[in-house]
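These notes concern the structure reproduced below.
Residue numbers (the numbering used here): 12 to 136.
The structure is reproduced here in structure tokens:
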């Protein structure tokens, strides 16, 4: 696997991004605080199910993770993180993925986009 930071396009299959090399990668993306948030609304980061997903972190706070010393299985359901209390003007989302070279039942990587959702009471007209 190539060393150092380089840009990848997501979503993407591990092998399409990194070839037949196993290993661990850290993916990150900066994003701004959603505008026009109203009192009572909350913000969630939704990460799709991913084989080999180890950790998800927002603004350097671990929000969801597995024991990195144990077996890497990923998450079978979308990971929903309530991040309202963590949001700043500028934010950092980080994911750690690891490809197990012996796992052939599913492709590693991030199969779908990560989504930022705003929840809360409906607006009245």
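From the three backbone atoms N, C-alpha and C, an ideal C-beta is built for every residue, glycine too.
Computed from a prediction, not measured in an experiment: that's the story for all the values here.
If the criterion is Cβ atoms closer than 8 Å, does the pair residue i and residue j meet it?
i: residue 69; j: residue 38; result: no
i: residue 60; j: residue 88; result: yes
i: residue 67; j: residue 90; result: yes
Out of the options, state which residue places its alpha-carbon closest to the alpha-carbon of residue i.
i: residue 113; options: 106, 23, 34, 29; result: 34
Closer than 7 Å by C-beta to residue i: which residues in its own chain qualify, once you throw out the five before and the five after it? Chain order, please.
i: residue 101; result: 41, 43
i: residue 56; result: 69, 92, 94, 104, 125, 127
i: residue 97; result: 69, 70, 72
i: residue 131; result: 49, 51, 52, 53
i: residue 23; result: 120, 121
Residue ranges of each alpha helix (DSSP H) within the segment 45-74, 4 or longer: none
Which complete alpha helix (DSSP H) runs does the segment 85-115 hold, if anything under 4 residues is left out? none
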